[in-house]
Amino acid sequence: MFTFLLRVCFMITVLGTFTYSNRHRPKKPIGNGITVYARILHDNTTLEAGTAESEGNILKMNKKIREIFKQVEDKFHEENVMITFDVMTLKDLKITSVLAELNDTPGALDGQKTLDNLLKTQQQKVNGSGIVYLFTNRSIYTQGREDDHAPSPNHHLETYNTFCTGNTSGAIVLYTDIKPEEFPFGATARILGSTRSFSFDKNDFKYMNESFTRCRELAGREDTPKQSG
């Protein structure tokens, strides 16, 4: 019952998020020429019950995720953030080694530990302009403060402002059939440097644009021939 009520709270929050209008967009587009290389993992909770491990069902999910990231891309474009996504989807058979249960509670993840595991297993596979996403239908929690041990539910948990840095960028995202692009959009925005997952303010666009500048500088260094002597 407790888990069910948390799910209801999730959906109420989601619906509230959808109706919250953005108040600021940059007059000039930002992010032109920036590609996010998205490496996608998803566990079996995102697949239809009964045929979870069938090849056809996995292919269906991969197609769905590509559609989701096209919607994520469109949503950024609506905000005048003109990034594009290059998506690679896959089903990692060792994904269970990444998942960390919350206090041995089935169906509940310790978000931070799971994110840390994800980054460790994927750091050699994701470059500066890449992001690894783990989609799950399990509840994602973060541990409370020392004086308040109650864990808090999250729609997504990500590395903040790590895009085009020396750190690996990654996110755990709650998969939902209702507006499935919302949570990966919010996670991506924070990885790009926004302090918010939606309804960006002027500073959020400034921070995201700073990450795009890092990407261009990184690309310039990689393209510059090394001089001998």
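According to mature numbering (1 follows the signal peptide of the UniProt record, and there is no 0), the sequence shown holds residues -16 to -1, 1 to 213 in order.
Heads up, the beta-carbon is just placed ideally off N, CA and C, and yes, glycines get one too.
Within 10 angstroms of its Cβ, does residue i collect 16 or more other Cβ (buried), or is it exposed?
| i | result |
| --- | --- |
| S195 | buried |
| S123 | buried |
| E63 | buried |
| L74 | exposed |
| D27 | buried |
| G170 | buried |
| G91 | exposed |
| Q108 | exposed |
Roughly how many angstroms separate the alpha carbons of residue i and residue j, rounded to a whole number?
| i | j | result |
| --- | --- | --- |
| K44 | I79 | 19 Å |
| D94 | P135 | 9 Å |
| H204 | K54 | Per the sequence shown, residue 204 should be read as Gly rather than His. Using only the alpha carbons, I get a separation of about 27 Å. |
| L86 | Q96 | 10 Å |
| P209 | G17 | With a pLDDT of only 42 at P209, under the threshold of 50, the placement of this residue in the model should not be trusted, and no figure is reported. |
| T143 | R174 | 8 Å |
| N41 | N193 | 38 Å |
| E39 | F182 | 35 Å |
| Y191 | L202 | 17 Å |
| K47 | P10 | 32 Å |
| P13 | D185 | 15 Å |
According to the Cβ coordinates, are residue i and residue j closer than 8 Å?
| i | j | result |
| --- | --- | --- |
| G177 | N138 | no |
| T120 | T197 | no |
| L102 | T126 | no |
| T98 | I156 | yes |
| R200 | D188 | no |
| L118 | V82 | yes |
Per the contact definition of three or more C-beta pairs closer than 8 Å, is the region 12 to 27 in contact with the region 66 to 73?
In this structure the region 66 to 73 touches the region 12 to 27; the number of beta carbon pairs closer than 8 Å is three or more.
Is the region 148 to 155 touching the region 110 to 126, taking contact as three or more C-beta pairs under 8 Å?
Touching, per the Cβ criterion.
Would you check if there are 3 or more beta carbon pairs closer than 8 Å linking the region 48 to 58 to the region 163 to 182?
Contact between the region 48 to 58 and the region 163 to 182 is established, with three or more Cβ pairs separated by less than 8 Å.
Ranges of the beta strand (DSSP E) found wholly within the region 97 to 143, counting only runs of at least 3
114 to 120, 123 to 126, 136 to 138, 140 to 142, all fully within the region 97 to 143.
Which ranges does the alpha helix (DSSP H) cover as unbroken runs of at least 4 residues, wholly within the region 12 to 81, from first to last along the chain?
Counting only runs of at least 4 residues, the region 12 to 81 fully encloses the following alpha helix (DSSP H) elements, listed from N- to C-terminal order: 39 to 62.
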